[in-house]
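Student: Residue numbers (my numbering), protein chains in the order written: chain A, 552 to 844; chain B, 879 to 1189.
We treat Cβ as the ideally placed atom computed from N, Cα and C, and that holds for glycine.
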């Protein structure tokens, strides 16, 4: 740095600052968007102007307001005259609910298996690692399709299935971190004091590796949204009369030219939400944990 | 080297065994295929006859052993929908799907890697920002949405390409572009960060300091070292490509493996789904093996030492 002239230094400094500021704006925007989605998800049924399944057969395929539509259906209607704003709000709730549920299941399962592998080592670890390799080597969408079609489809099962996506990431991370924690002073001390494995892992090691796990969760969350919407798009995810964002894109595709307003808002929301979570996840990773990349 | 190959083969066999077992457990134990295949009004006798005909009346473990033996002998069962062997049904779709995936993979590599390298070399420039912005869009927009946008733009508004079906080169354009762009975005981001990592290393500074021209530093020192992480991600991307194919084929009604999988799943055609699962597993194993061999090409250090448990 010493041989850099003052001018050069300030130039680099300003440039870096500008990049950072730009990034801050993007992250703030992303957080605002996610907050909005969360509010919508919580209050969906109060915000919705109609019941999401209510038919209005006289206004089928009505355009949204501003495109020749009427105030009574701000976002237009679909082929059965169901209000698209109401459906959109409920879909956001459904998609977020599924993604939250699935992420939590994946995190719990993966973390538990990671701890088990780190604690028992030996063949337990080998079996878990073999499963991790298997999971990582098969495209999950294909596995999920097989399970869904043959086990049938209920909402709970669907959430549980998506929960199986990504568990291997938590298992890998947890195993590695727990193994290194096991050699550290605080763990040795707690063990010497006579703490059992449950207490040791849940009360002492878990809080210490939580930041990494949270970052892993934010990185897995968009994947789950994309997976859910992809499966629902194929007609194999959330089943009618329930609705999700992918579902709306799926049936909107049949009206692509006649009524593009069915699929455009839901497509945009999927994209913006995954984008926002990725931005926030990257930002969190840089702030909380630089070891993940 | 022998040990290396042996471990790889053992892993491959283990993965295949897990897929076979997975298929059996999920597909057989989860419900009664006879009830699912036949209409609800079918008489109990007919259901029983169907069960007998397909060997569904035996105890589960007998079915499992029989199934394993059959798979080992290359007999993957018959499609319950049209009675032909599942292998035939799947095999005739393979070239159709490869017509999409091969050009799409080429597009991924030819677009993603140069874009990533360029962005890394011009770090923080306008081009870098632009490339990064486009790539963010590329992997947050789901492939089926991108496909529909392309249909709307280049099949409906501008009637340049057909919106679906197969038959000519023009039919291939939109699905290949849809598949190619998403992967290219992921690859570009990853290549960029791998390059940046390498460019920050001491040996790059040493090379520049001793007067090696920058072009030589990049091609001779930076690129070969960045190739290894990029290669890893290319291996993983093949999996994404397969998953993407399922969605994209559905968007463009492309009669390949992906559409076949969706149709078979909807009609609970056990044998065909199993066959596709095995095919996908085999494709993934082949990819991983290829990636492992290529590692040795790019990094001489890995040639001999990489004996046990890499991946």
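Assess, as a yes-or-no matter, whether the stretch 1108 to 1115 of chain B is touched by the stretch 1038 to 1057 of chain B under the definition of 3 or more beta carbon pairs within less than 8 Å.
Tutor: Segments in contact, no.
Student: Going by DSSP, which residues form a beta bridge with residue 634/A?
Tutor: Locating residue 634/A in the first chain gives position 83, where the first residue counts as 1. According to DSSP, which records beta bridges pairwise, residue 634/A is partnered with 628/A.
Student: Would you report the Cα separation of residue 979/B and residue 1123/B, rounded to the nearest angstrom?
Tutor: Taking the first residue of the second chain as position 1, residue 979/B is located at position 101. Taking the first residue of the second chain as position 1, residue 1123/B is located at position 245. The straight-line gap from Cα to Cα measures roughly 7 Å.
Student: Should residue 1053/B be listed as close to the ligand HEM, given that the test is whether its C-beta is under 7 Å from any heavy atom?
Tutor: This structure lacks the ligand HEM; in fact it carries no ligand of any kind.
Student: Taking only beta carbons into account, state which residues of the stretch 1016 to 1035 of chain B come closer than 7 Å to chain A, listed in chain order.
Tutor: 1018, 1019, 1020, 1022, 1023, 1026, 1029, 1030, 1034
Student: Leaving out five residues on either side along the sequence, give the residues of the same chain with a beta carbon under 8 Å from the beta carbon of residue 930/B.
Tutor: Residue mapping note: residue 930/B aligns to position 52 of the second chain, counting from 1. Excluding residues within five positions, none has a Cβ falling inside 8 Å.
Student: Give the single residue among 730/A, 581/A, 726/A whose Cα lies nearest to the Cα of residue 661/A.
Tutor: Translated into the one-based positions of the first chain, residue 661/A becomes position 110. Residue 726/A holds the alpha-carbon nearest to the alpha-carbon of residue 661/A among 730/A, 581/A, 726/A.
Student: Taking 8 Å as the CB-CB limit, is residue 955/B close to chain A?
Tutor: For the purposes of this step, residue 955/B is taken as the residue at position 77 of the second chain. Chain A contact via Cβ: absent.
Student: From the beta carbon of residue 609/A, is the nearest beta carbon of chain B less than 8 Å away?
Tutor: What you label residue 609/A is simply residue 58 of the first chain in a count that begins at 1. Contact of residue 609/A with chain B is not assigned, every C-beta pair being separated by 8 Å or more.
Student: Hey, does residue 724/A have any beta-carbon neighbour from chain B nearer than 8 Å?
Tutor: On the first chain, position 173 is the one that residue 724/A refers to. No, no contact with chain B.
Student: Restricting to Cα atoms, I'd like to know which of 601/A, 649/A, 594/A is closest to residue 711/A.
Tutor: Against the first chain, residue 711/A aligns to sequence position 160. When only C-alpha atoms are compared, the closest one is 649/A.
Student: So residue 813/A and residue 797/A are in contact, right, with Cβ under 8 Å, and what is the actual spacing, rounded?
Tutor: On the first chain, residue 813/A is found 262 positions in, with the first residue counted as 1. On the first chain, residue 797/A is found 246 positions in, with the first residue counted as 1. Their Cβ separation, rounded to whole angstroms, is 13 Å, which puts residue 813/A and residue 797/A out of contact at 8 Å.
Student: For residue 728/A, collect the residues of the same chain with a Cβ closer than 7 Å to its Cβ; drop the 5 residues on either side in sequence, then sort them by chain order.
Tutor: Here residue 728/A is taken as the residue at index 177 of the first chain, counted from 1. 760, 763.
Student: I need the straight-line Cα distance from residue 653/A to residue 585/A, nearest angstrom please.
Tutor: Your numbering for residue 653/A matches position 102 in the first chain. Your numbering for residue 585/A matches position 34 in the first chain. Each residue's Cα considered, the two are about 18 Å apart.
Student: Under a Cβ-count criterion, where at least 16 other Cβ atoms within 10 Å of its own Cβ denotes burial, should residue 972/B be classed as buried or exposed?
Tutor: Counting from 1 along the second chain, the entry for residue 972/B is found at position 94. When all chains shown are included, residue 972/B counts as exposed.
Student: Does the beta carbon of residue 771/A come closer than 8 Å to any beta carbon on chain B?
Tutor: The sequence position of residue 771/A within the first chain is 220, counting from 1. Taking Cβ atoms only, chain B never reaches closer than 8 Å to residue 771/A, which makes this a no.
Student: Tell me, please, whether the CB atom of residue 1186/B is closer than 8 Å to any CB atom in chain A?
Tutor: Working through the second chain from its first residue, we reach residue 1186/B at position 308. Low local confidence applies: a pLDDT of 41 at residue 1186/B is under 50, so the model's placement there is unreliable, with the coordinate-based value given in what follows. Residue contact check for residue 1186/B against chain A: no CB pair falls below 8 Å.
Student: By the criterion of Cβ-Cβ separation under 7 Å, what are the contact partners of residue 892/B in chain A?
Tutor: Along the second chain, one-based indexing puts residue 892/B at 14. The contacting residues are 681.
Student: If you check the beta carbons only, do residue 975/B and residue 1024/B fall under 8 Å apart?
Tutor: In the second chain, counting from the first residue as 1, residue 975/B sits at position 97. In the second chain, counting from the first residue as 1, residue 1024/B sits at position 146. With respect to the 8 Å criterion, residue 975/B and residue 1024/B are not classified as neighbours on the basis of their beta carbons.
Student: Using the rule of at least 16 other Cβ atoms within 10 Å of the residue's Cβ for burial, across every protein chain shown, is residue 714/A buried or exposed?
Tutor: Locating residue 714/A in the first chain gives position 163, counting from the first residue. Buried.
Student: Give the C-beta separation of residue 896/B and residue 1148/B to the nearest angstrom, bearing in mind that I take them to be a contact with Cβ-Cβ under 8 Å.
Tutor: Position 18 of the second chain, counted from the first residue, corresponds to residue 896/B. Position 270 of the second chain, counted from the first residue, corresponds to residue 1148/B. The pair is not a contact, with the Cβ atoms about 18 Å apart (cut-off 8 Å).
Student: Could you please give the first and the last residue of the uninterrupted alpha helix (DSSP H) stretch that includes residue 824/A?
Tutor: Mapped onto the first chain, residue 824/A falls at position 273. Taken as a continuous stretch (DSSP letters only), the alpha helix (DSSP H) holding residue 824/A covers 815 to 839.
Student: When burial is assigned at 16 or more other CB atoms within 10 Å of the CB, is residue 1040/B buried or exposed?
Tutor: Locating residue 1040/B in the second chain gives position 162, counting from the first residue. Buried.
Student: What does the Cβ neighbour count give for residue 593/A, buried or exposed, with the cut at 16 atoms within 10 Å?
Tutor: Here residue 593/A refers to the residue found at position 42 of the first chain. Residue 593/A should be labelled exposed.
Student: Helix, strand or coil for residue 963/B, going by three-state DSSP, please let me know.
Tutor: Numbered from 1 along the second chain, position 85 holds the residue referred to as residue 963/B. In this structure, residue 963/B counts as strand in the three-state DSSP scheme.
Student: Taking the alpha-carbon positions, what's the residue 816/A to residue 639/A distance?
Tutor: To locate residue 816/A, count along the first chain from 1; it is residue 265. To locate residue 639/A, count along the first chain from 1; it is residue 88. For residue 816/A and residue 639/A, the distance between alpha carbons rounds to 8 Å.
Student: Among residues of its own chain, excluding the 5 on either side of residue 1013/B, which ones have a beta-carbon nearer than 6 Å to its beta-carbon?
Tutor: On the second chain, residue 1013/B is found 135 positions in, with the first residue counted as 1. Cβ within range, chain order: 1063, 1066, 1067.
Student: Nearest to residue 1043/B by CA position, among 899/B, 1094/B, 1128/B, 1142/B, is which residue?
Tutor: Numbered from 1 along the second chain, position 165 holds the residue referred to as residue 1043/B. Scanning 899/B, 1094/B, 1128/B, 1142/B for the CA closest to the CA of residue 1043/B turns up 1128/B.
Student: Thinking C-beta only, is residue 1158/B closer than 8 Å to residue 690/A?
Tutor: By 1-based counting over the first chain, the position of residue 690/A is 139. By 1-based counting over the second chain, the position of residue 1158/B is 280. Yes.
Student: When the distance is taken between beta carbons, is residue 829/A closer than 8 Å to residue 1069/B?
Tutor: Taking the first residue of the second chain as 1, we reach residue 1069/B at position 191. Taking the first residue of the first chain as 1, we reach residue 829/A at position 278. No, the Cβ-Cβ distance between residue 1069/B and residue 829/A is not below 8 Å.
Student: Can you name the residues that DSSP bridges to residue 1152/B?
Tutor: Stepping through the second chain from its first residue, residue 1152/B is reached at position 274. Secondary-structure assignment with DSSP links residue 1152/B through no beta bridge to anything.
Student: Counting only runs of 4+ residues fully inside the stretch 1109 to 1155 of chain B, write out the alpha helix (DSSP H) ranges in chain order.
Tutor: 1135 to 1144
Student: Could you spell out the range, first to last residue, of the alpha helix (DSSP H) harbouring residue 798/A?
Tutor: On the first chain, position 247 is the one that residue 798/A refers to. Taken as a continuous stretch (DSSP letters only), the alpha helix (DSSP H) holding residue 798/A covers 796 to 803.
Student: Strictly below 9 Å CB to CB, what residues from chain B border residue 821/A?
Tutor: By 1-based counting over the first chain, the position of residue 821/A is 270. What residue 821/A touches in chain B: 1018, 1019, 1020, 1023.
Student: List, in chain order, every chain A residue whose beta-carbon is nearer than 7 Å to that of residue 896/B.
Tutor: By one-based count along the second chain, residue 896/B stands at place 18. Those are 685, listed as they occur along chain A.
Student: Establish whether the CB of residue 1117/B and some CB of chain A are separated by less than 8 Å.
Tutor: In the second chain, the residue the question calls residue 1117/B occupies position 239. Chain A contact via Cβ: present.
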